[in-house]
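I have placed the structure first, in the form of structure tokens, so that the comments after it can refer back to it.
Protein chains in written order, with this note's numbering: chain S, 1 to 173; chain A, 1 to 317.
Structural data, given as structure tokens:
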């Protein structure tokens, strides 16, 4: 049942992926820009059960790995997002103080984005990738946190609406 | 109530984690299916990215104007004084003019060196949230662009073609942290290795510690065998500072790239190098200082000299 509902949500993630690749990467936003797919996946996971969170991380991670700008091997983002989405879903599941409060979700997602990117970076280092100067890494991470904190509240309502329609009304904020 | 998890949930997590590790292993071992997936995705995405580039360009221009507001303020003041119709026409043609200027620069550079190039438009800039510096161009294998080809702008080196798809190609910028190029200093011919740092600044590591390097020295590409990935003689950047720490094993220097990677609109891919090494022919001329008029005043004999006047001395009683 959950898996069927998860498959219904796949077109949403695919559209977000297309938006990310065709529109957002063209904007050339300062401070590293927005990783919309990562933000949407983490918000979706924060509203879901841990099982759905893990599946969300897997699906979104695969899409991010398919992106031509992904520097790592196939499965790199998938591994990171499975862990990140599970952690976010686990923290939020059954705790109405977190899931019922949009500010908490935005905070959780912002921390999640930075943490996911940091883990991605560490994993990349272990796989032999170059990461550049430390100041540049800090700048990109700070920029990601900034953009996530800006974008998350704007799209939270929309994602919550789709999530509630697919998985039930209880998760609507 | 906190989620404790059940066996089914745990099994799902383990299966998905193992799957992702399996994918990483396959990719690192160079399995063709994985490469084919990315190539297929990029081929399918190229027309969408082109459409996206067309749709987003007004927004992008607006954002660019906002971020460069301080620099363009004077220009904006001049434009305000102009005719309204002319100003609108100018704004509409701004993007095309900038691309034309870049194209002219690229063709001048390539023509001087004798490179055979394929021009391409930048259709997408890679997300730096993945800690890479890339861009996508609208020319691919169907235009003769292949992997490991040098990419130029009007100012010099842009990067190297990392992946080539039928109608597009992914270019690894020289600022990418994983980018490395053999470089030589124009004039003195000292050689070293230049690495990207994620910004417009690169780090040059000289191979010979006894040689001298100075601020302002121009760097050129040494070139590779058969001109791939790098053709010789391409201007890279200029030395901005030198680290002469005593006791250091190698001498390093900071280098500022000639190309501004954030404003690239048109680039050229070198599909065939020059028949002869252009050597230092492509080094950009140093800017000439503008002469300041100096005013020298000479005292002429005809000038009226002030006559000394007697100062009354106070009487002491």
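Even for Gly, the Cβ is constructed at its ideal location relative to N, Cα and C. None of the values given here were measured: they were computed from a predicted structure.
Along chain S, in chain order, which residues have C-beta atoms closer than 7 Å to that of residue 59 (chain A)? 27
Which residue or residues does DSSP assign as beta-bridge partners of residue 163 (chain A)? A:170
For residue 257 (chain A), which residues does DSSP report across the bridge? A:237
Of all the CB atoms in chain A, is at least one closer than 8 Å to the CB of residue 75 (chain S)? yes
Where does residue 6 (chain S) land, buried or exposed, given buried means 16+ other C-beta within 10 angstroms? buried
For a contact defined as C-beta to C-beta under 8 Å, what are the partners of residue 171 (chain A) on chain S? Correct list: empty, because the minimum Cβ distance to chain S is about 11 Å.
List, in chain order, every chain S residue whose beta-carbon is nearer than 7 Å to that of residue 177 (chain A). 130, 131, 132
Can you tell me where the alpha helix (DSSP H) holding residue 182 (chain A) begins and where it ends? First-last for residue 182 (chain A): 180-185, but that is the beta strand (DSSP E), not the alpha helix (DSSP H).
Any heavy atom of the ligand FAD within a distance shorter than 7 Å of the CB on residue 194 (chain A)? As far as ligands go, the structure on display features none, and thus does not contain the ligand FAD.
Are the segment 116-124 of chain S and the segment 187-198 of chain A in contact at 8 Å, needing three or more beta carbon pairs? no
Helix, strand or coil at residue 217 (chain A) [DSSP, three-state]: coil
What do you get for residue 320 (chain A), buried or exposed, if any count of 16 or more other CB atoms within 10 angstroms of its CB means buried? The structure shown does not extend to residue 320 (chain A), since chain A spans only 1 to 317, so no value can be given for it.
Cβ of residue 262 (chain A) less than 8 Å from any chain S Cβ? yes
Please report the straight-line C-alpha distance between residue 156 (chain A) and residue 235 (chain A), rounded to a whole angstrom. 5 Å
Applying a beta-carbon distance threshold of less than 8 Å, which residues of chain A neighbour residue 79 (chain S)? 17, 20, 21, 24
Should residue 61 (chain S) be flagged as near chain A, meaning a C-beta pair shorter than 8 Å? yes
Determine, for residue 22 (chain S), whether the minimum Cβ-Cβ distance to residues of chain A falls below 8 Å. yes
Any C-beta of chain A sitting closer than 8 Å to the C-beta of residue 107 (chain S)? no
Could you tell me whether any Cβ in chain S is nearer than 8 Å to the Cβ of residue 48 (chain A)? yes
Can you tell me where the alpha helix (DSSP H) holding residue 111 (chain S) begins and where it ends? 102-126
Taking 8 Å as the cut-off, decide whether the C-beta atoms of residue 123 (chain A) and residue 195 (chain A) are in contact. no
Taking one C-beta from the segment 196-207 of chain A and one from the segment 173-182 of chain A each time, how about it: are there three or more such pairs within less than 8 Å? yes
Of the choices A:228, A:241, A:125, whose alpha-carbon is the least far from that of residue 257 (chain A)? A:241
For residue 80 (chain S), which residues does DSSP report across the bridge? The partner list for residue 80 (chain S) (beta bridge, DSSP) is empty, contrary to what the question assumes.
DSSP-derived helix/strand/coil call for residue 47 (chain S): coil
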